[in-house]
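Residue numbers for the sequence shown follow my numbering, so the first one is 19 and each next one is one higher. Glycine included, each C-beta is placed from N, C-alpha and C at the ideal position. Here the structure is a predicted model, which means the values were calculated and not measured. Remarks on the structure that follows.
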Amino acid sequence: MSASVLKTAANRKSPEFEKNTRRMIDLLTEIKNEEEQIRQGGGAKAIEAQHKKGRLTARERIAKLIDPGSQFFELAIYAAFEMYAEWGGAPSAGTVTGLAKVCGRTFMIIANDATVKAGAFFPMTAKKVIRAQNIAIENHIPTIYLVDSAGVFLPLQEDVFPDTDDFGRVFRNNAVMSAIGIPQITAIMGMCVAGGAYLPVMCDHILMTEGSGLFLAGPALVQAAIGQKSSAEELGGAKMHSQISGTVDFREPNDEACIARIRALVDKVGAPSPSPFSHVQAREPLYSGDEIYGIFSSDPAKQYDMREIIARIVDAGEFEEYRAEYGETLLCGYARVGGWAVGIVANQKKHVQTQARGSDQKRIEFGGVIYTESAEKAARFILDCNQNRIPLVFLHDVNGFMVGKDAEWSGIIRAGAKMVNAVANSVVPKISVICGGSFGAGHYAMCGKAYDPRFIFAWPTARYAVMSGDSAAGTLVEIKLKQLEREGKKVDEKQKKELYEFVRGTYEHQTDPRYAAARLWVDAIIDPAHTREALIWALEAASLNPEIREFKTGALQT
Numbered sequence: 019m020s021a022s023v024l025k026t027a028a029n030r031k032s033p034e035f036e037k038n039t040r041r042m043i044d045l046l047t048e049i050k051n052e053e054e055q056i057r058q059g060g061g062a063k064a065i066e067a068q069h070k071k072g073r074l075t076a077r078e079r080i081a082k083l084i085d086p087g088s089q090f091f092e093l094a095i096y097a098a099f100e101m102y103a104e105w106g107g108a109p110s111a112g113t114v115t116g117l118a119k120v121c122g123r124t125f126m127i128i129a130n131d132a133t134v135k136a137g138a139f140f141p142m143t144a145k146k147v148i149r150a151q152n153i154a155i156e157n158h159i160p161t162i163y164l165v166d167s168a169g170v171f172l173p174l175q176e177d178v179f180p181d182t183d184d185f186g187r188v189f190r191n192n193a194v195m196s197a198i199g200i201p202q203i204t205a206i207m208g209m210c211v212a213g214g215a216y217l218p219v220m221c222d223h224i225l226m227t228e229g230s231g232l233f234l235a236g237p238a239l240v241q242a243a244i245g246q247k248s249s250a251e252e253l254g255g256a257k258m259h260s261q262i263s264g265t266v267d268f269r270e271p272n273d274e275a276c277i278a279r280i281r282a283l284v285d286k287v288g289a290p291s292p293s294p295f296s297h298v299q300a301r302e303p304l305y306s307g308d309e310i311y312g313i314f315s316s317d318p319a320k321q322y323d324m325r326e327i328i329a330r331i332v333d334a335g336e337f338e339e340y341r342a343e344y345g346e347t348l349l350c351g352y353a354r355v356g357g358w359a360v361g362i363v364a365n366q367k368k369h370v371q372t373q374a375r376g377s378d379q380k381r382i383e384f385g386g387v388i389y390t391e392s393a394e395k396a397a398r399f400i401l402d403c404n405q406n407r408i409p410l411v412f413l414h415d416v417n418g419f420m421v422g423k424d425a426e427w428s429g430i431i432r433a434g435a436k437m438v439n440a441v442a443n444s445v446v447p448k449i450s451v452i453c454g455g456s457f458g459a460g461h462y463a464m465c466g467k468a469y470d471p472r473f474i475f476a477w478p479t480a481r482y483a484v485m486s487g488d489s490a491a492g493t494l495v496e497i498k499l500k501q502l503e504r505e506g507k508k509v510d511e512k513q514k515k516e517l518y519e520f521v522r523g524t525y526e527h528q529t530d531p532r533y534a535a536a537r538l539w540v541d542a543i544i545d546p547a548h549t550r551e552a553l554i555w556a557l558e559a560a561s562l563n564p565e566i567r568e569f570k571t572g573a574l575q576t
């Protein structure tokens, strides 16, 4: 083996490996069961009602649209999870989004789920559609819309209508995508009313099935507003729009014919511009991705070697580690994933012994903590990746930056600022995977959501917050106790413990990846064994955008 090939020391038969595997499988089983429930949309009765109209459900339409035998890489399935309970919930925010192959080309698919409140837009529905469009814009991904929506969910219109990440942004994005030259195809396969009627008309191709409706105001609203009586077909049916208004390009008898027409149109779309990123024939990893279950530990007190995780993601186990003996709590290095060249920045969870800066004394550096040397190393590595047009992959399991006198004297703030600057100003695609903890400024430095990763994924073990649950609970309880003392109230040890457990429970719930996914802070919760596949989807999507702007960092702390 050459020096660049990662070796493994994983022991599949060890009690720790088996314990980690059981925990991960339990979490995955829970996640997959919930996802299957979410896929039922509005439930069996709503699905039956959709079929009685002669229409397919959103997921049935997607299954027929994508290439036979290919995968639909769904994004944001957990959107609106445990939200809008007072309105009966909105599974997956009433819309289905994801990447798929159509006639061999990568497409973003956005489909309204009419089984959920007639496909109405909740606040999170608008945000989910906008997130999918933003991914398409950043990566120049052609997009197909399958429209079947009653428009804005009126009881919540104040949270859907006015802001920059609300309903109107969808149509603004349509216009921006068109100007960039991103192909957009819309099929109206049900209702498309009010402001939502602008979406299809701002796309390249408009298809419409018989029995669908496209109008700014429905028959009842028209009669109330101007006293005019007309049927839905007369006002905005497929025949009227194809023969009289000339709004639709193709009138189709049913969903199946409409989907066949979409595929025929996609088949004629020209080839994308060449990718600027290095790509060669993919090679399989040396070790099974399933072994990640046993290697990874979600226990903050336990150590594991992040190189073992990397070895199960990268092609042929090859990892050209950058400054391997310096700043060892951050691993940086070059590799390929699915044939695509990548630069990997990953938190090392093993404690390391190193020489203290400016002395001959030895010291222990804690795994998962970013020290001055590791921040400086990562910043320089990120600069090199931008210089050489290499996409970046961040693997998070970070407690934060080191604190204390030694850290401050070594210039930890300056080094951290340097790393954050490099991440913020990167022009190559950035993809983040939250494996374990992702806390505080460490989350930012590792390209958290605020730093524009093209995609951000989370494992079921991810924890995502300002600080860990234990730390937060201790701080919040202390504040509460001082408040009670000022009010002259005494709290015994039992009450303190109950208060601590209540605060900790609430905080832990909010750090769960499902809570983050519900609010679109992550694009998908992925099976750790399928991390490689998720990264390949993301890298292939990112390769569709050939434009890389000039790399500048501005004032960089030195």
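inquiry  = I need the straight-line Cα distance from residue 19 to residue 306, nearest angstrom please.
reply    = As a first step, residue 19 must be located in the sequence shown, where it is residue number 1. As a first step, residue 306 must be located in the sequence shown, where it is residue number 288. Confidence at residue 19 is low in this model, with a pLDDT of 42, below 50, so its placement is unreliable and no value can be given for it.
task = Consult DSSP for residue 128 and reduce its assignment to one of helix, strand or coil.
result = On the sequence shown, position 110 is the one that residue 128 refers to. The answer is strand: DSSP assigns residue 128 an E or B state.
key: Separation of residue 167 from residue 135, as counted between CA atoms   = For the purposes of this step, residue 135 is identified with residue 117 of the sequence shown, where counting begins at 1. For the purposes of this step, residue 167 is identified with residue 149 of the sequence shown, where counting begins at 1. Cα to Cα, the separation comes out at about 9 Å.
ask   = With residue 370 and residue 348 assumed to form a contact (beta carbons below 8 Å), what rounded beta-carbon distance in angstroms separates them?
value = What you label residue 370 is simply residue 352 of the sequence shown in a count that begins at 1. What you label residue 348 is simply residue 330 of the sequence shown in a count that begins at 1. About 11 Å separates the two Cβ atoms, so there is no contact after all.
task = Report all residues from its chain with a CB closer than 7 Å to the CB of residue 536; omit the five preceding and five following residues, and keep chain order.
result = As a position in the sequence shown, residue 536 is number 518, starting the count at 1. Cβ within range, chain order: 96, 97, 98, 99, 100 and 101.
request  = Ignore the nearest five residues each way along the sequence and tell me which others in residue 359's own chain have a CB closer than 6 Å to its CB.
outcome  = Translated into positions along the sequence shown, residue 359 becomes position 341. Excluding positions up to five away in sequence, the list reads 296 and 408.
message = If contact is defined by three or more beta carbon pairs under 8 Å, each pair taking one atom from either stretch, is the stretch 418 to 430 in contact with the stretch 323 to 336?
response = no
query = Would the beta-carbon of residue 183 fall within 9 Å of that of residue 203?
reply = In the sequence shown, the residue the question calls residue 183 occupies position 165. In the sequence shown, the residue the question calls residue 203 occupies position 185. No. Outside cutoff.
ask   = So is residue 76 buried or exposed if we call it buried at 16+ other beta carbons inside 10 Å?
value = Along the sequence shown, read from residue 1 onward, the residue named residue 76 stands at position 58. The residue in question, residue 76, is buried, as its Cβ has 16 or more Cβ neighbours within 10 Å.
ask   = With respect to the beta strand (DSSP E) encompassing residue 121, which residues constitute its N-terminal and C-terminal limits?
value = The count along the sequence shown starts at 1 and reaches residue 121 at position 103. That residue, residue 121, is in no beta strand (DSSP E); it is neither H nor E in DSSP.
task = Just the C-alpha distance for residue 126 and residue 498, rounded to the nearest angstrom, thanks.
result = Taking the sequence shown and counting its residues from 1, the one referred to as residue 126 is at position 108. Taking the sequence shown and counting its residues from 1, the one referred to as residue 498 is at position 480. Roughly 48 Å separates the two Cα atoms.
query = Hey, out of 224, 332, 267 and 56, whose CA is closest to residue 353's CA?
reply = Residue 353 sits at position 335 when you count from the first residue of the sequence shown. Among 224, 332, 267 and 56, the Cα nearest to that of residue 353 is on 332.
key: Where the beta strand (DSSP E) through residue 142 begins and ends   = Residue 142 sits at position 124 when you count from the first residue of the sequence shown. Per DSSP, residue 142 belongs to no beta strand (DSSP E); it is in the alpha helix (DSSP H), 141 to 157.
task = Look at residue 22 and residue 338 and say whether their C-beta atoms are less than 9 Å apart.
result = Numbered from 1 along the sequence shown, position 4 holds the residue referred to as residue 22. Numbered from 1 along the sequence shown, position 320 holds the residue referred to as residue 338. Going by C-beta atoms, residue 22 is nearer than 9 Å to residue 338.
task = Note down, one range per segment and in chain order, each alpha helix (DSSP H) of at least 4 residues found wholly within the stretch 65 to 127.
result = 76 to 83
Between the CA atoms of residue 80 and residue 49 - distance to the nearest angstrom = Your numbering for residue 49 matches position 31 in the sequence shown. Your numbering for residue 80 matches position 62 in the sequence shown. When rounded, the distance between both Cα atoms is 22 Å.
request  = Identify which residue in 171, 28 and 289 has its Cα closest to the Cα of residue 123.
outcome  = As a working note, residue 123 is residue 105 in the sequence shown. Nearest option by C-alpha distance: 289.
query = Per DSSP, residue 206 forms a beta bridge with which residues?
reply = Taking the sequence shown and counting its residues from 1, one reaches residue 206 at position 188. DSSP lists 165 and 226 as partners of residue 206.
request  = Specify, as a first and last residue, the run of the beta strand (DSSP E) that residue 452 falls within.
outcome  = If you number the sequence shown from 1, residue 452 lands on position 434. That run of the beta strand (DSSP E) goes 448 to 457.
task = Using alpha carbons as the reference points, say which of 30, 270, 406 and 173 lies closest to residue 361.
result = Sequence index remark: in the sequence shown, residue 361 carries index 343 (1-based). Among 30, 270, 406 and 173, the Cα nearest to that of residue 361 is on 406.
inquiry  = Within a Cβ cutoff of 8 Å, which residues of the same chain sit near residue 400, ignoring the five residues on either side of it in sequence?
reply    = What you label residue 400 is simply residue 382 of the sequence shown in a count that begins at 1. Counting only Cβ-Cβ distances below 8 Å, and skipping sequence neighbours, we find 361, 363, 410, 437, 440, 441 and 444.
inquiry  = Could you check whether residue 449 and residue 473 sit closer than 9 Å to each other, using their CB atoms as the reference points?
reply    = Position 455 of the sequence shown holds residue 473. Position 431 of the sequence shown holds residue 449. Going by C-beta atoms, residue 473 is nearer than 9 Å to residue 449.
key: beta strand (DSSP E) runs wholly inside the stretch 256 to 304, at least 3 long, in chain order   = 268 to 270
4-residue-minimum alpha helix (DSSP H) runs that sit fully inside the stretch 378 to 453, ordered along the chain = 390 to 405, 423 to 427 and 430 to 443
Cβ-based neighbour list, residue 462, same chain, cut-off 7 Å, excluding 5 preceding and 5 following = Numbered from its first residue, the sequence shown carries residue 462 at position 444. Once the five neighbours on either side are set aside, the close Cβ partners of residue 462 are 438, 468 and 469.
query = Rounded C-beta distance between residue 419 and residue 460? I'm assuming under 8 Å.
reply = Position 401 of the sequence shown holds residue 419. Position 442 of the sequence shown holds residue 460. That pair is a contact at about 6 Å.
Reduced DSSP secondary structure (H/G/I, E/B, other) of residue 344 = For the purposes of this step, residue 344 is taken as residue 326 along the sequence shown, with counting starting at 1. In this structure, residue 344 counts as coil in the three-state DSSP scheme.
key: Contact belief for residue 579 with residue 284 at Cβ below 8 Å, rounded distance in angstroms   = What the structure shows of the chain is the stretch from 19 to 576, and residue 579 is not part of that stretch, so it cannot be assessed.
ask   = What do you reckon, are the CB atoms on residue 581 and residue 130 nearer than 9 Å?
value = Shown here, the chain extends from 19 to 576; a query on residue 581 therefore has no answer.
task = From the DSSP output, in three-state form, read off residue 475 for me.
result = Translated into the one-based positions of the sequence shown, residue 475 becomes position 457. Three-state DSSP puts residue 475 in a strand.
request  = Report the partner residues of residue 361 according to the DSSP bridge assignment.
outcome  = Here the question's residue 361 lines up with position 343 in the sequence shown. Bridge partners of residue 361: 352 and 410.
ask   = Secondary structure at residue 556, three-state DSSP: helix, strand or coil?
value = Against the sequence shown, residue 556 aligns to sequence position 538. The answer is helix: DSSP assigns residue 556 an H, G or I state.
query = Just checking my contact of residue 179 with residue 170 at CB under 8 Å: how many whole Å lie between their CB atoms?
reply = For the purposes of this step, residue 179 is taken as residue 161 along the sequence shown, with counting starting at 1. For the purposes of this step, residue 170 is taken as residue 152 along the sequence shown, with counting starting at 1. 7 Å between Cβ atoms; contact.
inquiry  = For the pair the stretch 149 to 157 and the stretch 193 to 201, tell me if three or more CB-CB distances fall below 8 Å.
reply    = yes
message = Does residue 414 pass the burial test, meaning 16 or more other C-beta atoms within 10 Å, or should it be called exposed?
response = What you label residue 414 is simply residue 396 of the sequence shown in a count that begins at 1. Buried, by the Cβ-count rule.
ask   = What does residue 61 pair with, by DSSP beta-bridge criteria?
value = Position 43 of the sequence shown, counted from the start, is the residue given in the question as residue 61. None, per the DSSP bridge assignment.
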